[in-house]
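From first to last, the protein sequence lines stand for chains A and B.
The end of the first sequence is residue 115 by the working numbering, with every number in the run present.
The end of the second sequence is residue 887 by the working numbering, with every number in the run present.
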Amino acid sequence: MSKEKSEIPYGTLDLLILRSLETIGRMHGYALARRIEQVCGESLQLSQGSIYPALIRLEQEGWIDTTWGVSETNRKVKFYSLTEAGRKQVAVEIANWEKATALVARFLGATS
Amino acid sequence: MTVHGLVARLVALVRKRQFEEELDGEIAAHLELAERDALASGLSPEQARIAARKQFGGIESMKEQHRDRRSFPWLENAWRDVCYGVAGLRRDPGFTAVVVGVLALGVGANVAMFGLLDAVMLKPLPFGNPDRIVRIWEAPRPGVTNSTTAPDFLDWRQMATTFEALTAESPISMALTGAGDPVRLDGRAVTADYFRVFDVGVQLGRTFQPRDLEPGHEAVIVLSHATWESVFGADRGIVNRKILLDGEPHEVIGVLRPGAFDRSEEARFWRPLVIQPGQYKRGVHWLMVHGRLRPNLTPLQARDEMRRIAASLRDVTPSHKHTWLVEVEPLQKLLLGDNLRQSMYLMFGAVVLVLLIACANIANLLLAKGAARRKEMVIRTALGASRSRLGAQLLTETLVLAALGGAAGLALASFLVSAAAPFLAEMVPYTTTLALDYRALAFAGVIVSLVGVLIGGLPAMQISAANIGSSLQQASRGSSGGKHSLRRFIVVAEVALSLVLVCGASLLFRSLLNLRAVETGVRIENVVTMSVNLPLQTYRTPAAAATFFESLRERVRAVPGVSQAALSTHLPLRWVGNGEAIEVAGQPAPINVRFKRVDAGYMDAFGIPLLKGRGIAESDRHGSPRVMVINEALAARLADAAGIRNPVGMTVGLYCPVYGERRTTTEQVEIVGVIRNERVAAPGAPHPPIVYVPLSQVPIDGVKLIVRSDIDSAAVIAGVREALGSVDSHLPLGDIATMREVRERTLAGASRPAWLIGVFAGFAALLAAIGLYGVISQTVNQRRREMGIRMALGARASDVVGHVLGDALQLVLIGLVVGASGAFALTRFAKSLLFGVSPLDPVAFVIACGAMVSIGIVACLIPASRAARLDPAMTLREEG
Numbered sequence: 004m005s006k007e008k009s010e011i012p013y014g015t016l017d018l019l020i021l022r023s024l025e026t027i028g029r030m031h032g033y034a035l036a037r038r039i040e041q042v043c044g045e046s047l048q049l050s051q052g053s054i055y056p057a058l059i060r061l062e063q064e065g066w067i068d069t070t071w072g073v074s075e076t077n078r079k080v081k082f083y084s085l086t087e088a089g090r091k092q093v094a095v096e097i098a099n100w101e102k103a104t105a106l107v108a109r110f111l112g113a114t115s
Numbered sequence: 008m009t010v011h012g013l014v015a016r017l018v019a020l021v022r023k024r025q026f027e028e029e030l031d032g033e034i035a036a037h038l039e040l041a042e043r044d045a046l047a048s049g050l051s052p053e054q055a056r057i058a059a060r061k062q063f064g065g066i067e068s069m070k071e072q073h074r075d076r077r078s079f080p081w082l083e084n085a086w087r088d089v090c091y092g093v094a095g096l097r098r099d100p101g102f103t104a105v106v107v108g109v110l111a112l113g114v115g116a117n118v119a120m121f122g123l124l125d126a127v128m129l130k131p132l133p134f135g136n137p138d139r140i141v142r143i144w145e146a147p148r149p150g151v152t153n154s155t156t157a158p159d160f161l162d163w164r165q166m167a168t169t170f171e172a173l174t175a176e177s178p179i180s181m182a183l184t185g186a187g188d189p190v191r192l193d194g195r196a197v198t199a200d201y202f203r204v205f206d207v208g209v210q211l212g213r214t215f216q217p218r219d220l221e222p223g224h225e226a227v228i229v230l231s232h233a234t235w236e237s238v239f240g241a242d243r244g245i246v247n248r249k250i251l252l253d254g255e256p257h258e259v260i261g262v263l264r265p266g267a268f269d270r271s272e273e274a275r276f277w278r279p280l281v282i283q284p285g286q287y288k289r290g291v292h293w294l295m296v297h298g299r300l301r302p303n304l305t306p307l308q309a310r311d312e313m314r315r316i317a318a319s320l321r322d323v324t325p326s327h328k329h330t331w332l333v334e335v336e337p338l339q340k341l342l343l344g345d346n347l348r349q350s351m352y353l354m355f356g357a358v359v360l361v362l363l364i365a366c367a368n369i370a371n372l373l374l375a376k377g378a379a380r381r382k383e384m385v386i387r388t389a390l391g392a393s394r395s396r397l398g399a400q401l402l403t404e405t406l407v408l409a410a411l412g413g414a415a416g417l418a419l420a421s422f423l424v425s426a427a428a429p430f431l432a433e434m435v436p437y438t439t440t441l442a443l444d445y446r447a448l449a450f451a452g453v454i455v456s457l458v459g460v461l462i463g464g465l466p467a468m469q470i471s472a473a474n475i476g477s478s479l480q481q482a483s484r485g486s487s488g489g490k491h492s493l494r495r496f497i498v499v500a501e502v503a504l505s506l507v508l509v510c511g512a513s514l515l516f517r518s519l520l521n522l523r524a525v526e527t528g529v530r531i532e533n534v535v536t537m538s539v540n541l542p543l544q545t546y547r548t549p550a551a552a553a554t555f556f557e558s559l560r561e562r563v564r565a566v567p568g569v570s571q572a573a574l575s576t577h578l579p580l581r582w583v584g585n586g587e588a589i590e591v592a593g594q595p596a597p598i599n600v601r602f603k604r605v606d607a608g609y610m611d612a613f614g615i616p617l618l619k620g621r622g623i624a625e626s627d628r629h630g631s632p633r634v635m636v637i638n639e640a641l642a643a644r645l646a647d648a649a650g651i652r653n654p655v656g657m658t659v660g661l662y663c664p665v666y667g668e669r670r671t672t673t674e675q676v677e678i679v680g681v682i683r684n685e686r687v688a689a690p691g692a693p694h695p696p697i698v699y700v701p702l703s704q705v706p707i708d709g710v711k712l713i714v715r716s717d718i719d720s721a722a723v724i725a726g727v728r729e730a731l732g733s734v735d736s737h738l739p740l741g742d743i744a745t746m747r748e749v750r751e752r753t754l755a756g757a758s759r760p761a762w763l764i765g766v767f768a769g770f771a772a773l774l775a776a777i778g779l780y781g782v783i784s785q786t787v788n789q790r791r792r793e794m795g796i797r798m799a800l801g802a803r804a805s806d807v808v809g810h811v812l813g814d815a816l817q818l819v820l821i822g823l824v825v826g827a828s829g830a831f832a833l834t835r836f837a838k839s840l841l842f843g844v845s846p847l848d849p850v851a852f853v854i855a856c857g858a859m860v861s862i863g864i865v866a867c868l869i870p871a872s873r874a875a876r877l878d879p880a881m882t883l884r885e886e887g
């Protein structure tokens with residue numbers, strides 16, 4: 004595995020998905036995967052398939068909603084969008100993430 | 008995980024196919040879109056497809072992750088195994104039905120028995136902090152208990168420090184009139200602290216306060232919840248209303264909460280107990296005392312204090328009581344009784360044996376099935392199924408069986424409990440409510456898990472023990488004649504365990520027969536008994552009561568169908584609770600006797616023969632010279648103690664209770680006759696000395712009415728009720744029972760456990776028969792070839808049958824030897840419940856062994872006859 008490219012840190016894929024849906028709105032799985040790749044740029048190594056297990060879990064928690072739509076290739080696909088609970092969850096996840104990074108940063112600052 | 012997530016996951020569990028299809032659709036769409044983008048960026052179609060795949064990552068591992076995420080994978084696996092197990096069981100419904108049935112018998116009997124044990128012994132009594140409630144007795148001798156006197160109770164209450172409260176009570180019986188037919192209510196006259204001691208709350212109104220016990224304020228009553236419902240129709244407006252008891256208005260001040268006392272026939276209402284000045288006598292024992300211990304004090308500490316108090320009262324205590332002690336007994340222990348406790352343990356032991364036998368049976372069936380499926384298992388193993396996977400599947404199958412059997416057993420248990428509750432009501436204390444609850448459910452869960460563990464491992468063990476290579480070879484040959492020592496061992500164990508139970512049951516039944524054959528000394532056929540109580544306010548003088556009894560008997564005799572009528576204070580076969588004493592000239596101490604009032608018809612009605620002198624006559628009326636009749640036991644006592652050979656004609660001083668008061672006077676009474684003993688104590692106990700005095704000469708306010716008739720008892724009772732109404736329309740008839748029922752009640756403590764254990768033994772023997780049948784018929788099946796050869800070589804059908812039976816009897820006999828030694832060791836635990844039978848009674852053992860051998864033969868007849876009908880040519884061809 005190359006050193007520049009990194010896998011998504013554990014637990015952040017949920018945040019990336021929720022945040023993407025919050026910014027863009029309703030989209031299907033492929034578009035979502037592309038969006039995450041684009042925003043993260045070359046630094047991210049994402050297996051696009053890995054968003055689906057994450058999506059099903061977020062759906063089960065009630066944070067995202069699915070509707071059926073038609074893809075650009077004329078196929079029936081699921082479109083994902085954020086629910087009201089999901090919108091709140093974005094804020095929670097961001098706060099958690101900032102707390103965690105701040106903690107790690109302080110820890111690293113103190114020991115270096 | 009949020010609730011939302013949990014629900015969604017459970018949904019995903021059952022809608023698996025839909026999720027899979029949707030996911031496949033999404034993956035296809037995703038790859039299509041990715042391919043399109045890749046094509047647009049200038050790649051060749053082939054390259055574009057590869058690129059799209061590469062970007063997507065591993066599809067199968069993603070799907071696996073998807074499944075894990077969206078649901079509970081372990082649950083899904085288990086569910087799959089369960090479905091597989093259920094499918095397997097449905098393929099073989101006969102096997103499933105037998106196993107579930109056998110298990111249901113075992114579990115059902117156990118859960119029902121646990122329900123009984125729990126209700127009787129484990130659950131706390133329905134009072135607040137029931138372990139602190141104790142009964143306080145006087146004890147003339149160790150092991151003999153007696154009620155106490157009013158002054159002693161008052162002294163105890165004042166001096167004792169180990170109790171939070173002490174209360175005295177005395178039984179009362181009053182007639183409720185004013186609404187339809189008069190109703191007789193049995194109740195308790197109690198001191199103010201009664202409900203503090205028993206800690207029972209009210210649903211309506213209040214309980215007693217000290218001012219209710221002041222003279223003139225005692226016309227107030229508290230009702231039990233059951234009485235409120237059955238007699239007053241659960242009328243919420245009853246509180247503060249006045250009702251007529253014995254013709255006097257009484258105000259209802261409270262109704263108890265449901266539960267406590269609701270099954271008690273003797274305590275249906277409570278009234279304040281006011282001790283009259285004339286009742287302060289240290290010789291008259293009429294109060295039952297209960298106390299509530301202070302927290303953290305033991306009954307033993309209380310007993311020691313009570314004995315110190317009794318010693319300090321020595322100077323004021325009559326001299327014949329100087330050797331008396333005080334006993335303090337926990338209420339729970341008192342209600343339960345040693346006999347009932349013993350019976351409970353015994354019955355529970357019996358039912359556990361049944362469960363063990365059921366397990367052995369199921370193990371046997373599973374082993375047989377395992378043997379039949381050996382080929383399948385071997386092939387699956389050869390095809391690469393791991394042993395652990397096969398084992399897990401077989402285990403699940405057994406667990407499914409256990410769960411099904413458990414559910415069926417629970418249903419059976421609830422049926423058994425509701426069916427047996429009326430049958431057992433006589434046997435258990437009034438505080439016990441028989442019903443299955445969550446505790447029984449939990450117990451069922453524990454049992455089913457235990458059974459699952461016990462039998463679940465067996466088929467799995469068989470797999471791992473199977474040597475695949477040799478099994479395959481054996482399987483291909485059709486497995487002629489395996490040893491199956493494990494199955495034979497199980498059958499031997501079943502026979503042995505059953506024998507233990509059957510021995511116990513036959514001992515108990517022999518004891519029951521002895522009890523039934525006990526000489527009761529009375530004829531009880533076609534006798535109905537009732538009780539009548541007189542209000543003292545209406546019948547103020549002994550003469551009034553005597554007149555009433557005389558006219559009542561006249562009227563009852565005239566009722567059509569009545570051949571004999573009699574009055575008595577105590578029924579035959581019931582203990583004479585009234586104890587007095589006689590003073591015989593020249594004897595240093597009075598002789599304690601039981602005191603029973605009867606009228607002139609009593610001896611005739613029950614056919615009690617006269618041995619000497621005369622019986623009670625119609626001419627022994629109120630005011631005529633006082634006479635009494637004594638029983639053989641008293642005559643023997645007089646002969647022993649005073650050397651009196653012929654007591655007839657002598658006059659002794661007899662302590663006679665004074666009508667309507669709690670005191671006695673000593674009267675000079677002539678002994679006019681001796682009668683044969685009638686049974687009043689438990690079978691096996693010695694006859695106590697009894698004096699019989701004419702009811703008219705020492706009247707009392709409550710009697711039993713005894714009627715012998717030659718027509719249907721319901722018609723007689725209606726006639727008697729009318730006759731009573733014509734004498735006094737305010738008086739109700741109470742305690743209606745035939746003498747057979749009275750006798751049943753006396754024997755209930757001994758007969759109920761015997762019947763239950765008999766039923767369990769029947770279960771056990773049936774199960775053992777099923778097990779034996781299974782093993783023998785399998786052996787016959789496996790040895791068809793051998794038998795075919797034998798028959799081809801000239802063996803007759805009878806030889807084959809003899810061979811099969813001999814094989815079976817060998818198992819039964821080994822079982823009997825083992826079982827008999829077990830029974831020898833175990834039946835002594837039933838000793839206290841046996842009457843007239845030794846725990847090692849050879850007759851009972853022989854009967855039990857005979858029964859098991861016959862059961863064994865019956866179980867083998869079908870497989871044996873099948874073996875005899877074998878066609879040698881067929882069997883040889885089919886196995887060749």
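No residue lacks a Cβ here, since even glycine has one placed at the ideal position from N, Cα and C.
Please read all numbers here as calculations on a predicted model, not as lab measurements.
Proximity test, Cβ basis, 8 angstroms: S5 of chain A and chain B: Confidence is the limiting factor: at S5 of chain A the pLDDT is only 39, short of 50, which leaves the residue's position unreliable, though a coordinate-based value still follows. No, S5 of chain A does not count as interfacial toward chain B.
Distance cut-off 7 angstroms: V534 of chain B Cβ against heavy atoms of the ligand GDP: Inclusion of the ligand GDP in the displayed structure is not the case, the ligand content being empty and no account of it being possible.
Cβ contact (3+ pairs, closer than 8 angstroms) linking the segment 309–323 of chain B and the segment 252–268 of chain B: Result no; under three Cβ-Cβ pairs closer than 8 angstroms.
Straight-line Cα distance separating A451 of chain B from P133 of chain B: 24 angstroms
8 angstroms Cβ cutoff, F63 of chain B in contact with chain A: yes
Proximity winner among B:A649, B:F602, B:S720, B:V681, relative to C663 of chain B (alpha-carbon distances): Minimum Cα distance to C663 of chain B is reached at B:F602.
For Q210 of chain B, the nearest candidate out of B:G244, B:E561, B:N638 (CA to CA): B:G244
Residue environment, S68 of chain B, which counts as buried when at least 16 other CB atoms sit within 10 Å: That one is exposed.
Opening and closing residue of the alpha helix (DSSP H) in which M537 of chain B lies: First-last for M537 of chain B: 534–540, but that is the beta strand (DSSP E), not the alpha helix (DSSP H).
Neighbourhood of L332 of chain B by C-beta, 6 angstroms cutoff - its chain only, sequence neighbours within 5 removed: Contacts found: A146.
Short-range partners of chain B found in the segment 86–103 of chain A, where Cβ spacing is below 9 angstroms: A88
Close beta carbons around L21 of chain A, own chain, < 8 angstroms, minus the five adjacent residues each side: Excluding its 5 nearest sequence neighbours in each direction, L21 of chain A has C-beta neighbours in its own chain below 8 angstroms: L61, W66, I67, L85, G89, Q92, V93, E96, listed in chain order.
Where S703 of chain B sits in the DSSP three-state scheme: coil
Which listed residue (B:T174, B:Y201, B:F160) has its alpha carbon closest to that of K288 of chain B: B:F160
Short-range partners of chain B found in the segment 9–43 of chain A, where Cβ spacing is below 7 angstroms: G32, Y33
Beta-carbon proximity check, G266 of chain B vs T214 of chain B, cutoff 8 angstroms: no
Short CB-CB distance (under 8 angstroms) between A36 of chain B and chain A: yes
Cβ-based contacts, 8 angstroms cut-off: residues of the segment 72–87 of chain B near chain A: Q72, H73, D75, R76, R77
CB-CB length for I637 of chain B against I598 of chain B, believed under 8 angstroms: Going by Cβ atoms, the distance from I637 of chain B to I598 of chain B rounds to 11 angstroms, so no, they are not a contact pair.
T4 of chain B versus L580 of chain B - alpha carbon distance: Given a span of 8 to 887 for chain B in the structure shown, any question on residue 4 of chain B remains unanswerable.
Distance, P178 of chain B Cα to E225 of chain B Cα: 15 angstroms
Which listed residue (B:Q72, B:A36, B:N84) has its alpha carbon closest to that of L21 of chain B: According to the sequence shown, residue 21 of chain B is Val rather than Leu. For the residues B:Q72, B:A36, B:N84, the minimum Cα distance to V21 of chain B belongs to B:N84.
Chain A contact for H232 of chain B (CB, 8 angstroms cutoff): no
Simplified DSSP state of Y83 of chain A, which is helix, strand or coil: strand
Where C90 of chain B falls, given that 16 or more other Cβ within 10 Å makes a residue buried: exposed
Within-8 angstroms CB hit, L106 of chain A to chain B: no
Cβ pair V535 of chain B, G778 of chain B closer than 8 angstroms: no
Per-residue contacts from T76 of chain A into chain B (C-beta, under 8 angstroms): The contacting residues are A36, E39, L40, R43.
Assigned secondary structure, D44 of chain B (DSSP; H/G/I helix, E/B strand, else coil): DSSP places D44 of chain B within a helical segment (H, G or I) once states are collapsed to three.
Interface flag, G32 of chain B vs chain A, CB-CB below 8 angstroms: Flagged as an interface residue toward chain A: G32 of chain B, by a C-beta distance shorter than 8 angstroms.
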